[in-house]
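For the record, the sequence lines run as chains A and B. Residues 82 to 95 (our numbering) make up the first sequence, in order. Residues 184 to 440 (our numbering) make up the second sequence, in order. Positions of the beta carbon are idealized from the N, C-alpha and C atoms, including for glycine. Given the structure is predicted, the values throughout are model-derived calculations rather than measurements. Here is the structure we will look at, set down as structure tokens.
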Amino acid sequence: STKQSTLGSFFGKN
Amino acid sequence: MLEARLPQAKLLKSLLEAIKELVVECNFDCNDSGIAVQAMDSSHVALVALLLRADGFDPYRCDRNLPLGINLTSLNKILKCAGNEDILTIKASDDGDVLNLVFESKDSDRISEYELKLMDIDSEHLGIPDTQYDAVVSMSSGEFQRICRDLSQISDSIVIDVTKEGIKFSASGEVGNGSVTLKQSGSVDREDEATTIELQQAVSLTFSLKYFQYFTKATPLSSRVVLSMSNDVPILVEYKLDNLGYVRYYLAPKIGD
Chain A
82 STKQSTLGSF
92 FGKN
Chain B
184 MLEARLPQAK
194 LLKSLLEAIK
204 ELVVECNFDC
214 NDSGIAVQAM
224 DSSHVALVAL
234 LLRADGFDPY
244 RCDRNLPLGI
254 NLTSLNKILK
264 CAGNEDILTI
274 KASDDGDVLN
284 LVFESKDSDR
294 ISEYELKLMD
304 IDSEHLGIPD
314 TQYDAVVSMS
324 SGEFQRICRD
334 LSQISDSIVI
344 DVTKEGIKFS
354 ASGEVGNGSV
364 TLKQSGSVDR
374 EDEATTIELQ
384 QAVSLTFSLK
394 YFQYFTKATP
404 LSSRVVLSMS
414 NDVPILVEYK
424 LDNLGYVRYY
434 LAPKIGD
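Shown next, in the form of structure tokens:
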């Protein structure tokens with residue numbers, strides 16, 4: 082099964 | 184202050200269609216180089232990045248950084264009052280709390296003026312790293328839209344596999360399964376329909392189809408779409424706007440437990 086990731090785990094906050 | 188004029192209101196209408204399903208309100212960041220939007224959907228799974236370069240407008244004037252906080256539902260209501268072929272001018276003053284929109288018919292015998300109330304939006308701005316992707320696929324935007332629509336009949340997830348032979352979209356659900364494969368094509372008559380693949384290494388990724396269906400609202404803006412992918416990182420889905428800029432979407436993948 083797969084789980085939806087979120088963008089926060091790839092892109093840093095500016 | 185900002186003053187920007189577009190020869191056809193249709194373009195802004197189409198841009199709004201391309202983002203309003205994902206985002207309810209966002210800042211349009213205006214400066215002397217153009218207008219940019221970066222906004223995430225409420226679940227922080229998808230992000231839209233929009234750029235309209237200053238030289239795509241005629242004229243364009245913006246003296247300093249001006250963030251225009253806009254509720255897209257409200258903007259949509261006002262843009263419904265514009266004719267597709269109307270000349271559109273938007274204006275905002277530095278300290279104003281409204282955006283002026285002027286719609287002018289081509290023969291200038293009808294001029295309508297609206298004011299949209301602006302809002303203060305505290306938006307989270309993400310730094311998107313410059314990425315070398317393992318697979319870059321350029322294909323017909325209409326074909327991509329059709330594949331997303333067709334496979335959404337089967338499942339709410341889509342698997343994308345790219346090899347040097349082609350790109351395969353597949354879905355598996357309760358009714359059964361389905362797939363569409365596009366081969367890399369060099370000999371099609373119409374350039375708009377060709378599929379081209381630049382591949383460093385094969386990729387296989389799973390995404391929520393719902394977001395792709397939101398992204399494909401941008402189809403009227405460009406005959407081509409470019410999908411940039413590496414394993415286990417967000418996909419970049421880009422629609423280039425002729426001589427104006429781009430609409431880019433990023434979508435976080437579904438990852439195996």
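At a cut-off of 8 angstroms between beta-carbon atoms, I438 of chain B makes contact with chain A.
Residue nearest to S387 of chain B within the set B:Y316, B:D224 and B:I304 is B:Y316 (criterion: CA-CA distance). Counting C-beta atoms within 10 angstroms of its own C-beta, P417 of chain B has 16 or more neighbours from the protein chains shown and is therefore classed as buried. Within the same chain, Cβ atoms closer than 7 angstroms to the Cβ of L427 of chain B are found at L235, R236 and G239, the five residues on either side in sequence being excluded. Closest in C-alpha terms to S324 of chain B, from the list B:E374, B:L194, B:N259 and B:A265, comes B:E374. When DSSP states are grouped into helix, strand and coil, T402 of chain B belongs to the helix group.
The DSSP-derived three-state label of G349 of chain B is strand.
When C-alpha distances from D280 of chain B are compared across B:L249, B:S288 and B:S291, the shortest belongs to B:L249. When 8 angstroms is used as the limit between beta carbons, A435 of chain B is near these residues of chain A: Q85, S86, T87, L88, S90 and F91, in chain order. Cβ-Cβ distances below 6 angstroms link M184 of chain B to S276 and D277 in the same chain, with the five nearest sequence neighbours on each side left out; the list follows chain order. Among the residues facing chain A, S216 of chain B is not included, as its CB has no counterpart in that chain under 8 angstroms away.
Within 7 angstroms of the CB of L230 of chain B, the CB atoms of chain A belong to L88, in sequence order along the chain. DSSP places L251 of chain B in the strand class (E or B) of the three-state scheme. Here S368 of chain B has A377 and T378 as same chain residues with Cβ atoms under 6 angstroms from its own Cβ, once five neighbours each way along the sequence are excluded. A contact is defined here as three or more CB-CB pairs under 8 angstroms, and the segment 289-297 of chain B fails this definition with respect to the segment 220-235 of chain B.
Taking a contact as a CB-CB distance under 8 angstroms, the pair S288 of chain B and D269 of chain B counts as one, their CB atoms being some 6 angstroms apart.
Interface with chain A (8 angstroms Cβ-Cβ cutoff): S338 of chain B is excluded.
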